[in-house]
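A.B. asks: Okay, here's the structure, questions in a sec.
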Amino acid sequence: MTLRLLAPAALLLASTACFATRNDVRILQGDIFALRAQEARADSARARQIADLAAALSASVGTVRDSVRAVGDRLTSFQGTTRQELYSIGQQLLQLGELMGQSQTAMRNFRADLEERNRQIMEQARSTVPPAAVASVDSSRPGGAAAVPLTEGPNVLFQLGLDQLRQNSWSAARDAFTQLLTAHPNSDRVPQALKGIADAYDGEGNRQQGDSVYRVVVSRYPTSEVAPTALYKLALSLNRQGRRPEARTTMQQIVRQYPRSDEAALAADWLTRNPG
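In my numbering, the protein residues as written are 579 to 854.
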């Protein structure tokens, strides 16, 4: 009797327990679905952030690449412009050098023409003076000395000597330069005339005489503009004669005494190429 009364109660209890378990499962499943949905949303947001970051990074890389390309283009343009400007400056320096050389030649020719004109005027004036006046002037000189004949000016003689040198007329060139030294010993052309005489000797192969005159130029006119040139030509002549130690000593003298001259650079280059 008692068992019969307990049976319904046990059945009710078991049914209630089963119902609670199913409800818990549904709750758990709901929580899982919610968690998955939340994770999916988080993954989607993270994916969007990564995509945005990648897009921003790509844009930055593109900007940097464009900047680098622009800098490279500017650098290339700058290099091209710089090369062009340097070339233009070089051309202008060459033109300036040519103009300076032409100016020096023009001035030398002008002075020579002026001296020649003056000589012709003096000769013409002499030729128009009455013979009696000339005789009275000559008789007034001590010992009845004759009038000194007029000669070409130093620039005329120097130009004549240069022309003869260019034509390899060594003897005629020496005659013109020697006449300049004799007639105009105080002229500023004297150092150049001496160097011209040395060049004439050197040109015809008489190196001993040429070397001797080159030494005279340097010893008598060490501050002349032709002194380093004469010294450099002397060194080259000594080297051609096989006198290498003397040539080296002379080249070193050029570098030491005339460091700012063009010949100093040439001498330094020669010393580099011909070590002792």
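Glycine included, every Cβ here is placed at the ideal spot set by N, Cα and C.
Can you look up GLN745 in the DSSP assignment and give me helix, strand or coil?
C.D. replies: Against the sequence shown, residue 745 aligns to sequence position 167. Note: GLN745 maps to coil in three-state DSSP.
A.B. asks: Buried or exposed, going by whether 16 or more other CB atoms sit within 10 Å of the CB of VAL795?
C.D. replies: Along the sequence shown, read from residue 1 onward, the residue named residue 795 stands at position 217. So VAL795 ends up on the buried side.
A.B. asks: What does the Cβ neighbour count give for GLU841, buried or exposed, with the cut at 16 atoms within 10 Å?
C.D. replies: Here the question's residue 841 lines up with position 263 in the sequence shown. It counts as buried.
A.B. asks: Determine the contact status of LYS811 and ALA776, defining contact as a CB-CB distance below 9 angstroms.
C.D. replies: As a working note, residue 811 is residue 233 in the sequence shown. As a working note, residue 776 is residue 198 in the sequence shown. Result yes, Cβ atoms of LYS811 and ALA776 sit closer than 9 angstroms.
A.B. asks: Express the C-alpha separation of LEU844 and CYS819 in angstroms, rounding to a whole number.
C.D. replies: Sequence index remark: in the sequence shown, residue 819 carries index 241 (1-based). Sequence index remark: in the sequence shown, residue 844 carries index 266 (1-based). A small fix is needed here, since residue 819 is Gln in this sequence, not Cys. So the alpha carbons of these two residues sit roughly 19 angstroms apart.
A.B. asks: Exposed or buried, VAL789, counting other C-beta atoms within 10 Å across all chains shown (16 or more means buried)?
C.D. replies: Counted from its first residue, the sequence shown places residue 789 at position 211. Residue 789 is actually Asp in this sequence, not Val. Buried is the call here.
A.B. asks: Skipping 5 residues on each side, what residues in its chain have a beta carbon closer than 7 angstroms to that of ASN817?
C.D. replies: Stepping through the sequence shown from its first residue, residue 817 is reached at position 239. Taken in chain order, the residues that qualify are ALA825.
A.B. asks: What three-state label does DSSP hand THR801 in the structure shown?
C.D. replies: Here the question's residue 801 lines up with position 223 in the sequence shown. The answer is coil: DSSP assigns THR801 none of H, G, I, E or B.
A.B. asks: Would you mind stating whether ALA771 and GLY739 have Cβ atoms separated by less than 9 angstroms?
C.D. replies: For the purposes of this step, residue 771 is taken as the residue at position 193 of the sequence shown. For the purposes of this step, residue 739 is taken as the residue at position 161 of the sequence shown. Yes, they are a contact pair.
A.B. asks: If you measure between the beta carbons of ASN733 and GLY781, is that distance less than 9 angstroms?
C.D. replies: For the purposes of this step, residue 733 is taken as the residue at position 155 of the sequence shown. For the purposes of this step, residue 781 is taken as the residue at position 203 of the sequence shown. Cβ distance not < 9 angstroms, so ASN733 and GLY781 don't count as in contact.
A.B. asks: As a quick exercise: from ALA634, VAL768, ILE610 and SER749, pick the residue whose alpha carbon is nearest that of GLY783.
C.D. replies: Indexing the sequence shown from 1 puts residue 783 at position 205. It is SER749 whose Cα lies nearest to the Cα of GLY783.
A.B. asks: Assuming GLY781 is part of the alpha helix (DSSP H), what are its boundary residues?
C.D. replies: Sequence index remark: in the sequence shown, residue 781 carries index 203 (1-based). Its alpha helix (DSSP H) spans residues 768 to 781.
A.B. asks: Using 9 angstroms as the threshold, is the C-beta distance between ALA808 and LYS773 below it?
C.D. replies: Reading the sequence shown from its first residue, position 230 is the one you call residue 808. Reading the sequence shown from its first residue, position 195 is the one you call residue 773. Yes. Within cutoff.
A.B. asks: I need the DSSP call for GLU730, collapsed to helix, strand or coil.
C.D. replies: Within the sequence shown, the letter at position 152 stands for residue 730. Coil, per DSSP.
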